[in-house]
């Protein structure tokens, strides 16, 4: 359900998930936001490990393309960095001059609660299992992507190392708010396949669009199915 809602409104699925669990399990919404944040923080760990491994295994690829690499135009534009500075300045001004605003108070209370509860992670009963599940999910994500390479003649030859690097590029692109990754994910995969591994442009686009379309359709169908089940059941079976 979380992923299905994200396809409609970027990041809205996270809030929907917290709301449903609050309703079904009677857990405070603020507590669930904390677990959501912790969930996302720990998602960074496997992506970081995969990124280090991908760079190490593909060092020759980076070395080969190093002299041809150029930053995108928007990253070289002073307007981009001026916009970041302006956003930071406006954010600081908002919290300084409108500190009694309900948004400021809510964010401050959330920060105080988070600061108090984060240290409680050390008391988690199943820390090893939590880490095993976290890495297992991402390993499954990767093998889904890796197996998809063999569905196309023009990517079947790339192998494990290339798959890992393109997978990492796609995973990092998901940091950009979008409808379930629509746009950034395909762009990252096309860049990796066509620029780093010389897959022709049109086939690279076909791979990115095809894989994204089928995985998205599967997630949306499962998500809506889950929503229907949750809506007709009185309570979640524990």
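Numbering (the numbering used here), first residue to last: 174 to 411.
Even glycine gets a Cβ: it sits at the ideal position worked out from N, Cα and C.
- Per DSSP, residue 177 is one residue of the alpha helix (DSSP H) stretching across 175-181.
- Residue state for residue 237 is assigned as helix, using DSSP reduced to three classes.
- Residue environment analysis places residue 190 among the buried positions, since at least 16 neighbouring C-beta atoms fall within 10 angstroms of its C-beta.
- Under the three-state reduction of DSSP output, residue 406 falls in the coil class, being neither helix nor strand.
- Relative to the Cα of residue 325, the nearest Cα in the group 360, 394 and 372 belongs to 372.
- According to the DSSP assignment, residue 301 belongs to the alpha helix (DSSP H) that extends over 300-322.
- In the displayed model, residue 362 falls within a helix according to three-state DSSP.
- By the 16-neighbour rule on beta-carbons within 10 angstroms, residue 285 is exposed.
- When the alpha-carbon of residue 318 is set against those of 281, 406, 215 and 332, the nearest one is in 332.
- Remark: C-beta atoms of residue 381 and residue 363 approach each other more closely than 8 Å.
- Taking each of 336, 175, 338 and 397 in turn and checking the Cα distance to residue 209, the smallest one comes out for 175.
- Exclusion of the five residues before and after residue 226 leaves 337 as the residues of its chain whose Cβ lies within less than 7 Å of its Cβ.
- Sorting 339, 277 and 320 by C-alpha distance to the C-alpha of residue 369 places 339 at the top.
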